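Written below as structure tokens is the structure these notes are about.
Protein chains: 2
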Amino acid sequence: MIKKPARVFFFVFLVVMMVSNRLSHGQDDSVMLKRFFTEALVKGQSYENLRYLCKNIGPRLSGSANAAEAVTWTENIMKSYKLDSVWLQPVYVPKWVRGKKESAKIISSSGKTDVNVTALGNSVGTGKKGIQGNIVEFGSLEEMKKHGDEVAGKIVFLNEPMDLSLYSTGRMYGKTGNTRYIGPQEAGKLGAVGVVVRSLTTSMDDFPHTGATDYGTETNRIPAVAISTNDAVILSREIAQDPNLEFYFRTNCEMLGEVLSYNVIGQINGSETPDEYIVFGGHLDSWDLAEGAHDDGAGIVHSLEAMRLLKDNYRPRRSIRAVMFINEENGLAGGTEYAKMAQQNKEKHVVAIESDGGGFLPMGFGINASDEVIKRVQSWSPLFKPYRLFVFEKGYGGADIGPLNDLGVPLLGLEPSDQRYFDMHHSAKDVFEIVNRRELELGCASMASMVYLIDRYGL
Amino acid sequence: MIKKPARVFFFVFLVVMMVSNRLSHGQDDSVMLKRFFTEALVKGQSYENLRYLCKNIGPRLSGSANAAEAVTWTENIMKSYKLDSVWLQPVYVPKWVRGKKESAKIISSSGKTDVNVTALGNSVGTGKKGIQGNIVEFGSLEEMKKHGDEVAGKIVFLNEPMDLSLYSTGRMYGKTGNTRYIGPQEAGKLGAVGVVVRSLTTSMDDFPHTGATDYGTETNRIPAVAISTNDAVILSREIAQDPNLEFYFRTNCEMLGEVLSYNVIGQINGSETPDEYIVFGGHLDSWDLAEGAHDDGAGIVHSLEAMRLLKDNYRPRRSIRAVMFINEENGLAGGTEYAKMAQQNKEKHVVAIESDGGGFLPMGFGINASDEVIKRVQSWSPLFKPYRLFVFEKGYGGADIGPLNDLGVPLLGLEPSDQRYFDMHHSAKDVFEIVNRRELELGCASMASMVYLIDRYGL
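The listed protein sequences derive, respectively, from chains A and B. For what it's worth, my numbering labels the leading residue of the first sequence as 34, then goes sequentially. For what it's worth, my numbering labels the leading residue of the second sequence as 34, then goes sequentially.
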């Protein structure tokens, strides 16, 4: 039996709960989603935000002045939304610089042919003279290892095309990505003097596509470049015709050590369980070759806009946090530091959501979590049907939120259509002009909707 | 009891049936779909076909030399596939020509401002002097009718933006399309001297988007142009500031009567019921302002490639027909003539499928047919799931196949994502470069797959 004062308290508590419920959850879910989508499509700010990030700030490799400018800009945008708090989380990031323009030539008995290359991220430079030597081609890392005794003293050409027969270009990338990521390390082990990697792209064009490489513990750190797919075809043909073919390339990149940068974090405090966090974001850094419009400017403006839509239309039970991670491309320092902070502060993260698949047509969410969580998310799929999000499957969350998974946090990744993604990925083609306004806006509303549903029903 | 020779015959018949079954239907459906998709993605010809159609032939308005060239080119492509028959169906089409470059100006007390306009298809020209007069703005046809007494002697500006809050841009077009299609007719009835229609596009840009207008039986046929969305905003602002504002435009278009053209038809004869037809296609004509890459070059190469994939991988029970319709844009003569022929010849059409939504990411098929047919098609949706086609709903078939619906033929329309469609629709932006190779190829395989399933299981 409850004593009288306790009964009065309980009654008051019930009334408060009901009122609060009406305030925050009285709307039908489909009405709330419709509101997010309508506002994003009719009065959205994401497209103009992206224009600013791309055109006024531009490429923003970790440690660069542009990256610092992007930190300040993002902080100011979130402050303008009148969130409960906006702050910078210090993160030490590697400062790798490309230096002056790179060059490369195929050198045959009949002459020299210029080809399009670019240094792989984090790779060492060649020095002023460049490197020149006999070049040997392999179709895969496995093939190179099989012929390990033919590599010493040579430049290795890893010419593995993406497997276009797959529907998912992300899966293609997963399959071929190691030629770039550990190819130079593996070639170094075998005594090679340099590496040329066929660009990881679904298109045939003249643009070299960069991306990080990792020397690991290998001490023979050799210069490494990506070559455009068109030039990979030419190079392969020339090698077939002339086994003594030589290749020359010069890169001017260098690693300058670590510098201070920041994750940018904005928060709306939860009205009921403020010590439970729903976190979502994208990464603020980009490669230096273009504006990082899709990768991951889109993820940044998706997240900013989702935060704005939530702030203006909904009062969350849990604390909602948008994180603009720094240094996804060549270090993952931001994501690593964020998870460390969450662990140290014993913060309970209900979920982490990332948008790092570009600003293309949203198809759904990949879910890296238990079957139970997947089923819960799938139960909301009818709400997304009017906006043609159909994919709610076991899948990938995102690189920056990966470290949170080690703490047992369920991960979700916004899944835009990936058919166009690797056409431009990490190349000079990743500019504002190739982003479609409506597709971008639909991604913002999709993010806001998923955060809303998780806050309302838990995971 | 069956007599001996009859029994032998029956046995032979059974064996033949089994073998034929093995040849044509022995493969698991998912294996067959995988084959279509893999071949389209890895060894597809659609992208290079589209390049030729756009770059070597170009714009192909009905009755133009380019349209005639496209007829011959398509015929030759289908002949090269060694179909059972390829032929031209004569169709008389209207020959409307735009003439020399159009021009327009806003004339205010403070000066003249050039704006971007283009004549609506089938409209009359202004004559060499152009027309000039006071301009009156309305937000819709309804508003114009309400103020019908303010129109006589003036130029009408129909400034109705598309309703961006809708998810489907096709639905937006359906909602606003009449401002262009019957706006000039309605304004003519009210005594207007000219019409300026805000371009039907989802984008804010400087490109006027054309499209057909229909004077119906109205005898006051007044010149009509589309104005770019950016200039529509400027014009509206100027009108608000100055009710005496004048507008000038000059168009040089004229209707030159009818000329002979053709539908191009290719056929594989059915192995079991050759008198049943499955027909699919797109339209060969395009507007004259660009290359008609998405509208409807994509539908043409989708259909050519689907035919090639079917021919190379499958032996159909029913007769399969690909039709490249002529004159969808400004007359529908090809679609009308095809249905007339089908009716005269008492051909039994099982289904008609059209691709006229561009070469974008395929999402599924719209179905204009009975609930029973819709359910049948939906029962195949698991086969399409690996390729992320999820939409199999009551919907639109296509304009060219519309006349077949009057004969009771079920219609299907390939549904690519329409988010980008009206950015470029009927404008100078509809060029080869904005078509994504993989998205186009997925559409080809989607078409081939649907034809295969309908052939195998009926509707």
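We put the CB at the ideal spot given by N, CA and C, even for glycine. Predicted model only: the values in this text are computed from it and were never measured.
Of the residues the options, the one placed nearest residue i, counting alpha carbons only
| i | options | result |
| --- | --- | --- |
| Asp239 of chain A | A:Val229, A:Tyr248, A:Gln218 and A:Ser261 | A:Ser261 |
| Ile353 of chain A | A:Lys162, A:Glu362 and A:Ser118 | A:Ser118 |
| Ala265 of chain A | A:Val184, A:Ala372, A:Glu361 and A:Val150 | A:Val150 |
| Lys134 of chain B | B:Thr284, B:Leu268 and B:Lys222 | B:Thr284 |
| Phe358 of chain A | A:Pro349, A:Ala225 and A:Ser319 | A:Ser319 |
| Val230 of chain B | B:Ala339, B:Tyr85, B:Leu289 and B:Ser156 | B:Ser156 |
| Glu380 of chain A | A:Leu416, A:Gly160, A:Gly132 and A:Gly441 | A:Gly441 |
| Lys115 of chain A | A:Met340, A:Glu361 and A:Ala259 | A:Met340 |
| Val356 of chain A | A:Gly446, A:Glu387 and A:Asp328 | A:Glu387 |
| Arg4 of chain B | B:Ala326, B:Gly399, B:Ala331 and B:Leu437 | In this structure chain B extends from 34 to 492, so residue 4 of chain B is not present and cannot be described. |
| Gly166 of chain A | A:Asp182, A:Glu176 and A:Val189 | A:Val189 |
| Leu280 of chain B | B:Glu287, B:Met288 and B:Glu271 | Note on identity: in this sequence residue 280 of chain B is Phe, with Leu being the wrong assignment. Answer by Cα proximity: B:Glu271. |
| Lys162 of chain A | A:Glu183, A:Glu170 and A:Ser136 | A:Ser136 |
| Leu121 of chain A | A:Tyr371, A:Val64, A:Met483 and A:Asn401 | A:Tyr371 |
| Glu362 of chain B | B:Thr159, B:Pro217, B:Ala185 and B:Thr243 | B:Thr243 |
| Gly221 of chain B | B:Gly181, B:Arg421 and B:Met288 | B:Gly181 |
| Leu233 of chain B | B:Thr306, B:Gly207 and B:Tyr248 | B:Gly207 |
| Lys462 of chain A | A:Ser63, A:Ser403 and A:Thr235 | A:Thr235 |
| Asp321 of chain A | A:Lys67, A:Pro241 and A:Pro443 | A:Pro241 |
| Phe7 of chain A | A:Asp451, A:Lys418 and A:Ile434 | Chain A is shown only over 34 to 492; residue 7 of chain A falls outside these bounds and no answer can be derived. |
| Lys76 of chain A | B:Glu466, B:Trp129, B:Ser143 and B:Ser198 | B:Ser198 |
| Tyr139 of chain B | B:Lys112, B:Leu191 and B:Ile168 | Checking the sequence, you will find Ile at residue 139 of chain B rather than Tyr. Selected option, being the one with the closest Cα: B:Ile168. |
| Met195 of chain A | A:Thr209, A:Ala185, A:Thr306 and A:Asp62 | A:Thr209 |
| Tyr248 of chain B | B:Gly216, B:Ala225 and B:Gly224 | B:Gly216 |
Short CB-CB distance (under 9 Å) between residue i and chain A
| i | result |
| --- | --- |
| Gln122 of chain B | no |
| Tyr248 of chain B | no |
| Gln78 of chain B | no |
| Gln452 of chain B | yes |
| Glu472 of chain B | yes |
| Thr71 of chain B | yes |
| Ser236 of chain B | yes |
| Asp62 of chain B | no |
| Asp239 of chain B | no |
| Leu498 of chain B | Residue 498 of chain B is absent from the model: chain B starts at 34 and stops at 492. |
| Phe313 of chain B | no |
Secondary structure of residue i, DSSP reduced to three states
| i | result |
| --- | --- |
| Leu342 of chain A | helix |
| Phe358 of chain B | strand |
| Met396 of chain A | strand |
| Gly132 of chain B | coil |
| Ser482 of chain B | helix |
| Phe423 of chain A | coil |
| Thr209 of chain B | helix |
| Trp120 of chain B | strand |
| Ile467 of chain A | helix |
| Asn54 of chain B | For Asn54 of chain B, the pLDDT reaches just 42, beneath the cut-off of 50, and the residue's location in the model is therefore unreliable, although a value from the coordinates is still provided. The answer is helix: DSSP assigns Asn54 of chain B an H, G or I state. |
| Leu268 of chain B | helix |
| His180 of chain B | coil |
| Tyr347 of chain B | coil |
| Val230 of chain A | strand |
| Leu322 of chain A | coil |
Any chain B beta carbon closer than 9 Å to residue i
| i | result |
| --- | --- |
| Thr159 of chain A | no |
| Asn469 of chain A | yes |
| His58 of chain A | Confidence is the limiting factor: at His58 of chain A the pLDDT is only 41, short of 50, which leaves the residue's position unreliable and the question unanswerable from this model. |
| Met396 of chain A | yes |
Integer Cβ distance of residue i from residue j, believed to fall under 8 Å
| i | j | result |
| --- | --- | --- |
| Gly172 of chain A | Glu193 of chain A | 6 Å |
| Cys477 of chain B | Leu342 of chain B | 7 Å |
| Val424 of chain B | Leu492 of chain B | With 8 Å as the limit, Val424 of chain B and Leu492 of chain B do not qualify as a contact, their Cβ atoms being about 18 Å apart. |
| Arg350 of chain A | Ser304 of chain A | 6 Å |
Residue i: CB within 8 Å of a non-hydrogen atom of the ligand FMN
| i | result |
| --- | --- |
| Pro436 of chain A | No copy of the ligand FMN appears in this structure; indeed no ligand is present at all. |
**Prompt:** Counting Cβ pairs closer than 8 Å, one from the segment 66–83 of chain B and one from the segment 460–475 of chain B, do we hit at least three?
**Reply:** Short answer: they touch.
**Request:** State whether the segment 365–384 of chain B contacts the segment 125–136 of chain B, with contact taken as three or more CB pairs (one from each stretch) at a distance under 8 Å.
**Result:** Counting Cβ pairs under 8 Å, three or more are found: they touch.
**Message:** Quick test of the definition: if touching needs 3 or more C-beta pairs under 8 Å, does the segment 298–306 of chain A touch the segment 429–437 of chain A?
**Reply:** When C-beta atoms of the segment 298–306 of chain A are compared with those of the segment 429–437 of chain A, fewer than three pairs fall below 8 Å, so the two segments do not count as touching.
**Message:** Contact between the segment 88–100 of chain A and the segment 481–488 of chain A is defined here as three or more beta-carbon pairs at a separation below 8 Å; is this criterion met?
**Reply:** Result no; under three Cβ-Cβ pairs closer than 8 Å.
**Prompt:** Using 8 Å as the Cβ pair cut-off and three pairs as the minimum, do the segment 302–317 of chain A and the segment 329–348 of chain A touch?
**Reply:** Yes, the segment 302–317 of chain A is in contact with the segment 329–348 of chain A.
**Prompt:** Is the segment 243–256 of chain B touching the segment 91–109 of chain B, taking contact as three or more C-beta pairs under 8 Å?
**Reply:** Result no; under three Cβ-Cβ pairs closer than 8 Å.
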